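To keep things clear, I will list the structure first and then write my remarks on it.
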Amino acid sequence: MIAVGERAPDFTLRNQDGEKVSLSDYAGRKVLLVFYPGDFSPVCGDQLSIYQEVKPEIAEKGVELVGISVDSFFAHQAFQEKLGIDTTLLSDFEPKGEVARAYGSYLDAPLGFANRTLVLVNEDGVVAWTYESPNPGEFPGANVIFDALS
Amino acid sequence: MADLGSAPVPPVGPDDHVRGAGEEGVIVYADLGCPHCAGAWQRLRERPGRLVFRHFPVASKHPRSPALHAAAEAAGLQGRFFEMVDSLYADRGRVDDPHLWQRAEDLGLDLDRFESDRRQGAVEARIRRNFQSGIRAGVAGTPAVFDACTLLRDREREF
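Residue numbers (the numbering used here), protein chains in the order written: chain A, 1 to 150; chain B, 1001 to 1159.
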């Protein structure tokens, strides 16, 4: 897992609309990277839905939420529509899980996806806080995010 | 700005909807649009002791949830909160406004008052207070059932 104080590795991934998005696009702003196992899994759906409900309060703290998984951007678009969310979802699809690996979040085979991991990157592009779930079946409640932002 | 950082589950108070008597029982954070909650509700309502219902509508996942919770609150203002909850969970296929009016009529509610009450800011605020207390307590799925301040379980899921 990437450590607090390290420079967050830059990346460029496609969002749910197929547009390229880089971490450096968020320079000067705080961004919370939400690594999750995969679109359409029950826990991932609950996690992103609940975070959506408190997205305005997270935004009030000056933080933008960005989800990242190994799914294609087509799957992200369908998942976003199914959940009724507008959180940006980035596709860590090819090379599979490269960004998750760079952040120390990737779970190797037989799982082959990112663990449920939160990484707060500050305005200077430095990791300010991290959280890693004990297993992919559990996700941190939104309270954990607000504790980190207080 | 509301503080949504971690906090214990608030103790049962006058703001709560309580079914049953006594000090023993459970506090349930539930979504009236959630099928898992509907399934669990039949078991929860048969438990002995006190059952406390707190609103946890996840609107992005269940777009009608805010309207359903407001309908339950409005029924509660006429003394029929749990009857409306029972009705909504017993028949999840009819949740549009005409269905809510029919349910209100079936429960013997004053329909004009029901219509006015379910749009009150105070009703929305009460629902939001419940939701925020659930967020602070770490609710990560519904139904979330607490015994005093300890999370007993929410749904079992692999990932």
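Glycine included, C-beta positions come from ideal geometry on N, C-alpha and C. Keep in mind it's a predicted model, so treat the numbers as computed, not measured.
Residue-level contact to chain A via CB, residue i, 8 angstroms cutoff
| i | result |
| --- | --- |
| B:Ser-1133 | no |
| B:Val-1018 | no |
| B:Ala-1140 | yes |
| B:Ala-1002 | yes |
Neighbour list for residue i in chain B, Cβ cutoff strictly below 9 angstroms
| i | result |
| --- | --- |
| A:Ala-83 | With the sequence shown as reference, residue 83 of chain A is identified as Leu, and Ala is not the correct amino acid for it. Within chain B, the residues near A:Leu-83 are Ser-1060, Lys-1061. |
| A:Gln-52 | Val-1058, Ala-1059, Ser-1060, Lys-1061 |
Contact under 8 angstroms by Cβ, residue i with residue j
| i | j | result |
| --- | --- | --- |
| B:His-1069 | B:Ile-1027 | no |
| A:Ala-128 | A:Asn-135 | no |
| B:Arg-1118 | B:Ala-1090 | no |
| B:Gly-1033 | B:Arg-1064 | yes |
| A:Phe-11 | A:Val-119 | no |
| B:Leu-1100 | B:Ala-1071 | yes |
| B:Phe-1114 | B:Arg-1019 | no |
| A:Gly-125 | A:Ala-3 | no |
| A:Leu-13 | A:Val-63 | no |
| B:Arg-1103 | B:Met-1084 | yes |
| A:Thr-87 | A:Tyr-103 | no |
| A:Gln-47 | A:Phe-146 | no |
| B:Pro-1010 | B:Ser-1133 | yes |
Closer than 8 angstroms to chain B by CB, residue i
| i | result |
| --- | --- |
| A:Ala-100 | no |
| A:Phe-146 | yes |
| A:Phe-139 | yes |
| A:Asp-39 | no |
Under 7 angstroms from the C-beta of residue i: neighbouring residues of chain A
| i | result |
| --- | --- |
| B:Gly-1005 | Asn-143, Phe-146, Asp-147, Ser-150 |
| B:Arg-1136 | Asn-143 |
Contact list for residue i against chain B, beta-carbon separation under 8 angstroms
| i | result |
| --- | --- |
| A:Ser-49 | Val-1058, Ser-1060, Lys-1061 |
Where residue i meets chain B, residues with beta-carbon distance less than 7 angstroms
| i | result |
| --- | --- |
| A:Asp-46 | Ala-1140, Gly-1141 |
Residue i beta carbon near the ligand PLP (any heavy atom closer than 7 angstroms)
| i | result |
| --- | --- |
| A:Val-126 | For the structure depicted, the ligand PLP is absent and the ligand set is empty, with no information on it obtainable. |
- prompt: Should the region 1053-1062 of chain B be called in touch with the region 45-61 of chain A, which here means at least 3 C-beta pairs below 8 angstroms?
  reply: yes
query: If we count Cβ pairs, one from each stretch, closer than 8 angstroms, do we get three or more for the region 65-77 of chain A versus the region 13-28 of chain A?
result: Output reads yes: the region 13-28 of chain A touches the region 65-77 of chain A.
message: Pairs of beta-carbons, one from the region 26-43 of chain A and one from the region 104-116 of chain A, closer than 8 angstroms: are there three or more?
response: yes
query: Within the chosen definition, does the region 1006-1013 of chain B reach the region 1135-1143 of chain B through at least 3 CB pairs nearer than 8 angstroms?
result: yes
- prompt: Using 8 angstroms as the Cβ pair cut-off and three pairs as the minimum, do the region 63-70 of chain A and the region 81-91 of chain A touch?
  reply: Segments in contact, yes.
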